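Residue numbers (this note's numbering), protein chains in the order written: chain A, 113 to 390; chain B, 52 to 343; chain C, 591 to 1003.
Backbone N, C-alpha and C fix where the C-beta goes; we use that ideal spot for every residue, glycine too.
Since the structure is predicted, the reported quantities are computational estimates derived from the model, not experimental observations.
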Amino acid sequence: MSARTRRFEQACVSAGSALVIVYALAPVAWIVSLSLKPAADLGDGRLLPARATLDQYRAVFADPGFAAALVNSLGVASLATALSVALAAAAAYALVRLTFPGRQLLLSAALAVAMFPPVAIIGPLFDLWRVVGLYDTWPGLVLPYMTFTLPLAIWTLTAFFRQIPWELEKAARVDGATRLQAFYRVIVPLAAPGMFAAAVLVFIFAWNDFLFALSLTSTDAARTVPAVIAFFTGSSQFERPAGAIAAASVVVTAPIVVLVAVFEKRIVAGLTAGAVKG
Amino acid sequence: MSAAARDTRLAWLLCAPAVAAMLLVTAYPIAYAVWLSLFRYDLRFPEQRAFVGLANYASVLGSEVWWQAVVNTLIVTVASVSLELVLGFAFALLMHRALFGRRVLRTALLVPYGIVTVVAALAWRLAFDPTTGFVNRLLELDGDWLAERGTAFAVIVFAEVWKTTPFMALLLLAGFTLVPPELSSAARVDGATRVQTFFRVTLPLMRPAVVVALLFRTLDAFRVFDTVFVLTGGAQDTASVSIVAYRALITRLNLGLGSAVAVIVFACVVGIAALVGALFGVPYAAAGARRR
Amino acid sequence: MSRIASIALSICGALPLAGCGPERPAGAPVLRWYVFNEPSGAFAAAASACSAAAKGAYTVSLVPLPADADQQREQLVRRLAAGDRDVDLVGMDVIWTAEFAAAGWILPFGDAEAARVEGRLAPTLESASWDGRLWAAPFTTNAQLLWYRADRVPEPPATWDDMLRQAMALGRDGTVEAQGARYEGLTVLFVSLLRSSGGRLLDDSNREVSLAPAPTERALEVLARFATSGAAPANFSNAREDDSRLAFEAGHASFMLNYTFVWPSAQRNAPEVARHMAWARWPRVSADLPSRVTLGGINVGVGAHGRHPALAFDAAVCLASADNQRMAARMGALPPTIESLYDDPAVRAQLPFADALRDTLRDAVQRPQTPLYSDVSLAIDGALHPPRAIDPPVTAARLRAAVGRALRSEGLL
């Protein structure tokens, strides 16, 4: 390949990259723009605001329900992430390292569980949670989030774990470590990147969920941000508070953007490691 | 205790918490839904509850609304998944090749994947709206995208594609890393064109990644709910099967009929998974296989 | 409320005999009022006014529901069907009365309590009644008016035919903003057209389809003619109340059929437009019949599973009292259900269209009062959408069949 065609190719790739970046970020820019428009300009159809104001953000943060929802979202999503990854790691370890009857069944059943339409789960779960006292509590949301992400987490980690050089574990045990010690000292550091990627997947799921959050909470005690947005009202019953919704959307999107910007490398590494071995 | 028995015991011990959580949170509601689907049961008329066998299933499968929803769902699924596959390849290739700004590119692509679905759908709804939106102004169009069936589907598919192509691209990127660069160089030396190299060398090696990506996205797309709910609410004949289930279960409180819809959707999804498995191999079953 | 207390509460709610005391052993019982998240704070003010008036017998605490009416109902119904003891008071959309009453989710008012709900406009009382009993205290009401641009329209049109003619004559600015999306608003539009042409959706028993061919086809014909004319906005088949408002405030329309919230909103967001904004009664369909639009609004009912029904009835009557209605009108521009308040200067200052609204409300009609209302509404939306595809005789037949199926609770909708 001549240097010239190579340069040409690089130019194409760079132009393509620029296009893709615009593609990915345009809607985000649009919500930011909406959130900055004063109420009277919401209908002007301009991509960029003619005048900008932080009124919507002030209004959103002045709402005590919204601040509580941010705390709930963070708490619920973090707890669900920690639990799901811990449980999935244990299961994935067993699936990769041990031969036991029912292994295939377990994997298929886990995936089948994740395929059920969530709409159908809401009703029974609502009744069950009220009987056991989990309705409108953090655990009441953590449990379904954890469960719905377990299959994906188990699957990602199983694939990841299979790439770990397990001989090292054996070597450690020959050196006198117990199975548990060998696991924690040798394997966990190797498995960390995969677990991190799984954690991000779980966190994004929990952070984004709308249906469970709306149905299984009723007060500031557990309501999360996507659900609280449904409670926003305009100046009257019929007005759609597009500006406030946009501002809240920006606030709820910001942590995700920070998360992916900081951990971009690890997420990609984790995701790709989990996906390749078929 | 033999080593095998010890292994088995340890394995189940390790799996027990995950299994217990899944049983509690999903297996019970699923079993309950299957049970309810055999009854005439409307929450508004609890005293009329009666066992009706498979009558709810007959009612759903004999309904025009259901088959319309199946067609709608297939339109969205096929259109969005195929577009995502093509775009996903392009994006993956860019990520693979980009020398400058690789990090920015990946970060930007992760944003649609991470953004709240409801928020993204709302952003598109407002963008395509003829009064508040910028799309019509930009394209100098007059008219409402979401008011016509064809254009409404276009917006739904567009929103779905925007949101999920990055996921597809990342899975495919993993596939690219499977292809040793020597191999394609060798093919090129042997006189193959780029296109030939891609289809004869790269693609076959990437097959596992492609199958996984297709499977995951198809299963998701078939249950599409948030995007349709926010954009059209099922109007203009765009209701997906999940929207139909929602209307029966949540709006009408007809738990019998709604559960039957849910169970049929579930059966469809399992069927699709089995079909993909039969056609392209079973990646998820293989995930548990031991490779020594 | 602290998280721990709320967990304890929900456990107590589930196990009333498990030794849980009331959450405020020393204080008065707390009555929870589930109602939509009213933005002006008028409902919260009513709750504290009634807590003060109860002099320690109870306090009313507000539990806000989502902004969207369908989501309000979904959340409430899930609780009520599960026998939630926390629901003491329910802020009910007028279309829920029959459903909630028939399912046994709310309690009927006794004669003594009903006697305290006085001075209401007859249709608002009717909206809170079912099966010959009163099930809620009418609090705020609402109905659509015809809003128009006085700078372009010298005389408001009396009939739909007039309105469409004037609109067409105005050309580009002649748009009539109305709601044709597939949701409750389309049902409102159709039922108003139907009742204004002398037809009815259900018969007197509220159990069978009425839909006499002549008025039904007349109503459908008007709707179809409007939807296919240049007078309909481009987004008509996707427009909800707020889309209409935004379009009118942007100045592109000369007419709008909408609720009264558009008045304060225009004052605030589009003073230029508001200066020329005038109102009239909804246009007639037949020149010889008054227009009859459907009633909206919120009634206060008493949850059937609450712990303190007697106190809740007292609170419901108080929340919907004349004082609180005046406050709701003043703070949130919510139209009162008590007829005499339309002469109250404080109310008239907020609602300058009070006379036209009172006239409209006196003639207002109910959306079909049936426990299966949400099914019926889904059936109507499904059969009539998109409005421009309506072919009167064919659509009438389809509508009759769909509503019939809905009333028998059959099949998918």
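Residue interval of the alpha helix (DSSP H) (run including residue i)
{"i": "residue 880/C", "result": "No alpha helix (DSSP H) holds residue 880/C; DSSP gives it neither H nor E."}
{"i": "residue 738/C", "result": "Element bounds for residue 738/C: not the alpha helix (DSSP H) but the beta strand (DSSP E), 735-739."}
{"i": "residue 887/C", "result": "Where residue 887/C is concerned, there is no enclosing alpha helix (DSSP H), although the beta strand (DSSP E) it sits in stretches over 886-892."}
{"i": "residue 199/B", "result": "Careful: residue 199/B lies outside any alpha helix (DSSP H) and carries neither H nor E."}
{"i": "residue 722/C", "result": "Segment: none, residue 722/C is in no alpha helix (DSSP H) and carries neither H nor E."}
{"i": "residue 124/B", "result": "115-148"}
{"i": "residue 292/B", "result": "292-297"}
Rounded C-alpha distance that separates residue i from residue j
{"i": "residue 831/C", "j": "residue 350/A", "result": "6 Å"}
{"i": "residue 230/B", "j": "residue 222/B", "result": "14 Å"}
{"i": "residue 761/C", "j": "residue 742/C", "result": "11 Å"}
{"i": "residue 310/A", "j": "residue 269/A", "result": "7 Å"}
{"i": "residue 301/B", "j": "residue 314/B", "result": "15 Å"}
{"i": "residue 320/B", "j": "residue 235/A", "result": "21 Å"}
{"i": "residue 58/B", "j": "residue 281/A", "result": "16 Å"}
{"i": "residue 874/C", "j": "residue 882/C", "result": "8 Å"}
{"i": "residue 634/C", "j": "residue 627/C", "result": "9 Å"}
{"i": "residue 163/B", "j": "residue 889/C", "result": "43 Å"}
{"i": "residue 160/A", "j": "residue 66/B", "result": "52 Å"}
{"i": "residue 818/C", "j": "residue 810/C", "result": "12 Å"}
{"i": "residue 377/A", "j": "residue 128/A", "result": "21 Å"}
{"i": "residue 771/C", "j": "residue 323/A", "result": "23 Å"}
{"i": "residue 710/C", "j": "residue 929/C", "result": "6 Å"}
{"i": "residue 241/A", "j": "residue 247/A", "result": "5 Å"}
{"i": "residue 622/C", "j": "residue 970/C", "result": "34 Å"}
{"i": "residue 71/B", "j": "residue 251/A", "result": "15 Å"}
8 Å Cβ cutoff, residue i in contact with chain A
{"i": "residue 59/B", "result": "yes"}
{"i": "residue 83/B", "result": "yes"}
{"i": "residue 855/C", "result": "yes"}
{"i": "residue 859/C", "result": "yes"}
{"i": "residue 219/B", "result": "no"}
{"i": "residue 668/C", "result": "yes"}
{"i": "residue 313/B", "result": "yes"}
{"i": "residue 766/C", "result": "no"}
{"i": "residue 626/C", "result": "yes"}
{"i": "residue 91/B", "result": "no"}
{"i": "residue 836/C", "result": "yes"}
{"i": "residue 148/B", "result": "yes"}
Residue-level contact to chain C via CB, residue i, 8 Å cutoff
{"i": "residue 289/A", "result": "no"}
{"i": "residue 242/A", "result": "yes"}
{"i": "residue 355/A", "result": "no"}
{"i": "residue 117/B", "result": "yes"}
{"i": "residue 198/B", "result": "yes"}
{"i": "residue 305/B", "result": "yes"}
{"i": "residue 342/A", "result": "yes"}
{"i": "residue 155/A", "result": "yes"}
{"i": "residue 247/B", "result": "no"}
{"i": "residue 354/B", "result": "It is not possible to answer for residue 354/B, since the shown part of chain B is limited to 52 through 343."}
Chain B within 8 Å of residue i, Cβ atoms only
{"i": "residue 122/A", "result": "yes"}
{"i": "residue 965/C", "result": "yes"}
{"i": "residue 968/C", "result": "yes"}
{"i": "residue 184/A", "result": "no"}
N-terminal and C-terminal residue of the beta strand (DSSP E) that residue i is part of
{"i": "residue 622/C", "result": "620-626"}
{"i": "residue 652/C", "result": "649-655"}
{"i": "residue 844/C", "result": "843-848"}
{"i": "residue 1004/C", "result": "With chain C covering 591 to 1003 only, the question about residue 1004/C has no answer from this structure."}
{"i": "residue 679/C", "result": "679-683"}
Short CB-CB distance (under 8 Å) between residue i and chain E
{"i": "residue 258/A", "result": "The displayed structure is made up of protein chains A, B and C, and chain E is not among them."}
Closer than 7 Å: residue i CB and nearest the ligand MG heavy atom
{"i": "residue 864/C", "result": "The ligand MG is not part of the structure shown, which contains no ligands of any sort."}
- Quick one, which residues of the segment 205-217 of chain B are near chain A if we go by CB-CB under 8 Å, in chain order? 213 and 217
- Taking any Cβ of chain C, which residues in the segment 170-196 of chain B have a Cβ under 8 Å from it, in chain order? 180, 181, 182, 183, 193, 194 and 195
- Task: Below 8 Å between beta carbons is the criterion; list the residues of the segment 973-994 of chain C that meet it against any residue of chain B, in chain order.
- Result: 975 and 976
- Message: Give the list of continuous alpha helix (DSSP H) stretches no shorter than 4 residues that lie fully inside the segment 151-235 of chain B.
- Response: 153-165, 168-179, 186-190 and 200-229
- Query: Of all the alpha helix (DSSP H) runs that stay within the bounds of the segment 301-356 of chain A, which reach a length of 4 or more residues?
  - Reply: 323-327 and 337-341
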